[in-house]
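Colleague: Before I ask anything, here is the structure I am working with.
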Amino acid sequence: MEQTSAPKGCGSSVSSVYYNLCDLTALWGVVVEAAAAAGVVTSFVLLVALMASLPFVSDTRRKGMVALQAGVLVFTLGLFGLTFAFIVGRYPTSCAARRFLFGVLFSGCLSCLLMHGLWLALLQRSGQGPRSWKFCLGALGLWLVEVIINTEWLIITRSPSAGVVISELSCRIANGDFVMALIYVMALLLAVVGMAVPSLTHKHKQWRRDGAFILVSGLLTVAIWVAWIVMYIYGNKVVGDPSWDDPTLAIAVVSNAWVFLFLYAIPEICLLTQEDPDQEQPIDGDHVYPPMSLVYDSICKVAEPKPPHQNVYMENKAFAMDEPPAVPTKPVSPYGAYNGQLRSCVYQPTEIALIAKGLTKMDQDAMRPRGRGPSMPRSR
């Protein structure tokens, strides 16, 4: 519906299709737009955090579910982007995006949640779930079913080929038909809730929490879907104001996307780096790697030269054989006796000490009695 003048907050050059993005008199568009923009940024940051935490995951079983969690974040990011298609006015491109992407994006999130719940159920039964790539293929197969359904729906409801062109045919879809096209998504939603219930009785507490996250997300999604379907089909007719169709769908999409983030994605990322309780922990005192102090001491012992062997018995040089010293075969360095110790550690007598030592030696010589031979009688 064209307006004669731009509403408050919108410039004169803005098309009437985008008035809801800037209209300050109808605040629902601005509020939902802000929530969707914040959701896009949050989903991207969580996706980066999920990928960055992979090297720190010690539990191999939990690491196998990272692909499904990344899938939930990608499809949730798409839901936040789809919100803008419900905020702007109706024209052929936005209507086609609404009809095709609404079911496709929701089926992607629910398929990943369903496969995660199935993995928890199999883990409880056998103690070790199957390989993760099988669940990724299962989620992909469930998602492709909705892609095929929506593609056929768009092809069937296209303009007739008899030469009659109906403008904006993609927007002329009854509310009941829009809901009926989502029956497969509703079946996936009920399957998610039913698959998460057995995980609440898991023998390990950490897996019970995973099942609780999936169950709460599924139950709140059911509540949101019941609310918007009732409002979309019956409520707006009772009120008599069909202009609330777009706000109803926009609020439902953005609120459900935030449910996926707060109740599933963020808790799963927080649990990702927890240690596996079944993994054997090392006994206290047993270290897989030696402490750094021991490594440093070992290196020092290897690098430190061994001191020369000292004989505890003093050699008696009085009985040593007088042999000429052996001639060295190679020149001896004057620094050969240097063992790397600091000079301050070696005793060096000073001049005063040398003088005192010399005086002491002279006193000892003076005090030593001299031997005298027997006196000879003098001849007369």
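Residue numbering for the sequence shown follows numbering that gives the first Met the number 0, beginning at 0 and increasing consecutively.
We put the beta carbon where it would ideally sit given N, CA and C, even for glycine.
This one's a predicted model, so the numbers in the text were calculated from it and none came from an experiment.
With a threshold of 16 other CB atoms inside 10 Å of the CB of residue 124, please say whether the residue is buried or exposed.
Modeller: Numbered from its first residue, the sequence shown carries residue 124 at position 125. Flag for residue 124 reads exposed.
Colleague: Using alpha carbons as the reference points, say which of 235, 225, 245, 211 lies closest to residue 262.
Modeller: Within the sequence shown, the letter at position 263 stands for residue 262. That would be 211, whose Cα lies nearest to the Cα of residue 262.
Colleague: Using the beta-carbon count (16 or more within 10 Å), is residue 209 buried or exposed?
Modeller: Working through the sequence shown from its first residue, we reach residue 209 at position 210. Residue 209 is buried by the Cβ-count criterion.
Colleague: Hey, would you say residue 106 sits closer than 8 Å to residue 145, going by beta carbons?
Modeller: As a working mapping, residue 106 is identified with position 107 in the sequence shown. As a working mapping, residue 145 is identified with position 146 in the sequence shown. It is a contact, given that the beta carbons lie within the stated cut-off.
Colleague: For residue 35, which residues in the same chain have their Cβ closer than 7 Å to its Cβ, ignoring the five residues on either side in sequence?
Modeller: Start at 1 with the first residue of the sequence shown, and residue 35 comes out as number 36. Cβ within range, chain order: 79, 82, 83, 253.
Colleague: Report the start-end ranges of each alpha helix (DSSP H) in the stretch 12-55 that is 4 residues or longer and not cut off at the edges.
Modeller: You should have 26-51.
Colleague: Tell me whether residue 319 sits in a helix, a strand or coil according to DSSP, three-state version.
Modeller: Translated into positions along the sequence shown, residue 319 becomes position 320. At residue 319 the pLDDT is 49, less than 50, meaning the model places this residue with poor confidence; the figure from the coordinates comes in the next sentence. Looking at residue 319 - three-state DSSP - the assignment turns out to be coil, as it is neither helix nor strand.
Colleague: Are the beta-carbon atoms of residue 249 and residue 85 separated by less than 8 Å?
Modeller: By one-based count along the sequence shown, residue 249 stands at place 250. By one-based count along the sequence shown, residue 85 stands at place 86. For residue 249 and residue 85, yes; Cβs fall inside 8 Å.
Colleague: Which two residues bound the contiguous alpha helix (DSSP H) that contains residue 227?
Modeller: By 1-based counting over the sequence shown, the position of residue 227 is 228. It spans 204-229 - the alpha helix (DSSP H) in which residue 227 sits, taken as one unbroken run.
Colleague: Does the stretch 5-22 touch the stretch 39-55, meaning 3 or more C-beta pairs lie closer than 8 Å?
Modeller: They do not touch, by the three-pair rule.
Colleague: Check residue 88 in the structure and name its three-state DSSP category.
Modeller: Taking the sequence shown and counting its residues from 1, the one referred to as residue 88 is at position 89. Residue 88: coil per DSSP, three-state reduction.
Colleague: Take the Cβ of residue 233 as the centre, count every other Cβ of all protein chains shown within 10 Å, and call the residue buried at 16 or more, exposed below.
Modeller: The residue given as residue 233 occupies position 234 in the sequence shown. Classification of residue 233: exposed, given that the 10 Å Cβ count is below 16.
Colleague: Return the chain-ordered list of same chain residues with a C-beta closer than 6 Å to the C-beta of residue 97, the five sequence neighbours on each side being excluded.
Modeller: On the sequence shown, position 98 is the one that residue 97 refers to. Around residue 97: 84.
Colleague: List, from N- to C-terminal side, the alpha helix (DSSP H) runs of 4 residues or more that fit wholly inside the stretch 106-135.
Modeller: With a minimum length of 4 residues, no continuous alpha helix (DSSP H) run stays inside the stretch 106-135.
Colleague: Rounded to whole angstroms, how far is the Cβ of residue 224 from the Cβ of residue 122, which I believe are closer than 8 Å?
Modeller: Taking the sequence shown and counting its residues from 1, one reaches residue 224 at position 225. Taking the sequence shown and counting its residues from 1, one reaches residue 122 at position 123. Not really, about 28 Å apart at Cβ, beyond 8 Å.
Colleague: Please state whether the Cβ-Cβ distance between residue 244 and residue 174 is less than 8 Å.
Modeller: Locating residue 244 in the sequence shown gives position 245, where the first residue counts as 1. Locating residue 174 in the sequence shown gives position 175, where the first residue counts as 1. Cβ atoms of residue 244 and residue 174: closer than 8 Å.
Colleague: Thinking just about the alpha-carbon of each residue, which of 183, 267, 226, 354 is nearest to the one in residue 104?
Modeller: Counting from 1 along the sequence shown, the entry for residue 104 is found at position 105. Out of 183, 267, 226, 354, 183 has the C-alpha closest to the C-alpha of residue 104.
Colleague: Does the count of Cβ pairs from the stretch 25-32 and the stretch 41-53 closer than 8 Å reach three?
Modeller: Touching, no.
Colleague: Taking C-beta to C-beta, are residue 116 and residue 228 nearer than 8 Å?
Modeller: Start at 1 with the first residue of the sequence shown, and residue 116 comes out as number 117. Start at 1 with the first residue of the sequence shown, and residue 228 comes out as number 229. No; because the gap between Cβ atoms is not below 8 Å, this pair is not in contact.
Colleague: What do you get for residue 192, buried or exposed, if any count of 16 or more other CB atoms within 10 angstroms of its CB means buried?
Modeller: Counting from one through the sequence shown, the residue named residue 192 turns up at place 193. Flag for residue 192 reads buried.
Colleague: Alpha carbon to alpha carbon, what distance is there between residue 37 and residue 67?
Modeller: Sequence index remark: in the sequence shown, residue 67 carries index 68 (1-based). Sequence index remark: in the sequence shown, residue 37 carries index 38 (1-based). Each residue's alpha carbon lies about 23 Å from the other.
Colleague: Whole angstroms are fine: how far does the CA of residue 88 sit from the CA of residue 95?
Modeller: Reading the sequence shown from its first residue, position 96 is the one you call residue 95. Reading the sequence shown from its first residue, position 89 is the one you call residue 88. Roughly 12 Å between the two C-alpha positions.
Colleague: Assuming residue 135 and residue 259 form a contact by the criterion Cβ under 8 Å, report the distance between their Cβ atoms to the nearest whole angstrom.
Modeller: Position 136 of the sequence shown holds residue 135. Position 260 of the sequence shown holds residue 259. So it is not a contact: roughly 18 Å between Cβ atoms.
Colleague: Counting C-beta neighbours from all protein chains within 10 Å, is the total for residue 11 16 or more, i.e. buried, or is it exposed?
Modeller: To locate residue 11, count along the sequence shown from 1; it is residue 12. Under this definition residue 11 is an exposed residue.
Colleague: Please determine whether the Cβ atom of residue 261 lies at a distance below 7 Å from any heavy atom of the ligand FAD.
Modeller: In the structure on display, the ligand FAD does not appear, and there are no ligands present to speak of.
Colleague: Assign residue 6 to one of three DSSP states: helix, strand, or coil.
Modeller: Mapped onto the sequence shown, residue 6 falls at position 7. Residue 6: coil per DSSP, three-state reduction.
Colleague: Are the Cβ atoms of residue 188 and residue 110 separated by less than 8 Å?
Modeller: Position 189 of the sequence shown, counting from 1, holds the residue named residue 188. Position 111 of the sequence shown, counting from 1, holds the residue named residue 110. Contact flag unset, no.
Colleague: Assuming residue 194 and residue 138 are in contact, meaning their beta carbons sit under 8 Å apart, how far apart are those beta carbons, in whole angstroms?
Modeller: By 1-based counting over the sequence shown, the position of residue 194 is 195. By 1-based counting over the sequence shown, the position of residue 138 is 139. In fact, because the Cβ distance is near 13 Å, the residues do not count as touching under 8 Å.
Colleague: Beta carbon of residue 61, beta carbon of residue 219: below 8 Å?
Modeller: For the purposes of this step, residue 61 is taken as the residue at position 62 of the sequence shown. For the purposes of this step, residue 219 is taken as the residue at position 220 of the sequence shown. Contact flag unset, no.
Colleague: Given this structure, state the Cα-to-Cα distance separating residue 343 from residue 269, to the nearest angstrom.
Modeller: On the sequence shown, residue 343 is found 344 positions in, with the first residue counted as 1. On the sequence shown, residue 269 is found 270 positions in, with the first residue counted as 1. At residue 343, the pLDDT of 49 sits below 50, so the modelled position is not reliable and the matter cannot be decided from this model.
Colleague: Could you check the C-alpha separation between residue 45 and residue 59 for me, to the nearest Å?
Modeller: Residue 45 sits at position 46 when you count from the first residue of the sequence shown. Residue 59 sits at position 60 when you count from the first residue of the sequence shown. Between residue 45 and residue 59, the C-alpha separation is close to 21 Å.
Colleague: Among 72, 5, 226, which one has its Cα closest to the Cα of residue 257?
Modeller: Counted from its first residue, the sequence shown places residue 257 at position 258. For residue 257, the nearest C-alpha among the options comes from 72.
Colleague: Over the uninterrupted alpha helix (DSSP H) stretch that includes residue 186, give me the two end residues.
Modeller: Taking the first residue of the sequence shown as 1, we reach residue 186 at position 187. Residues 182-195.
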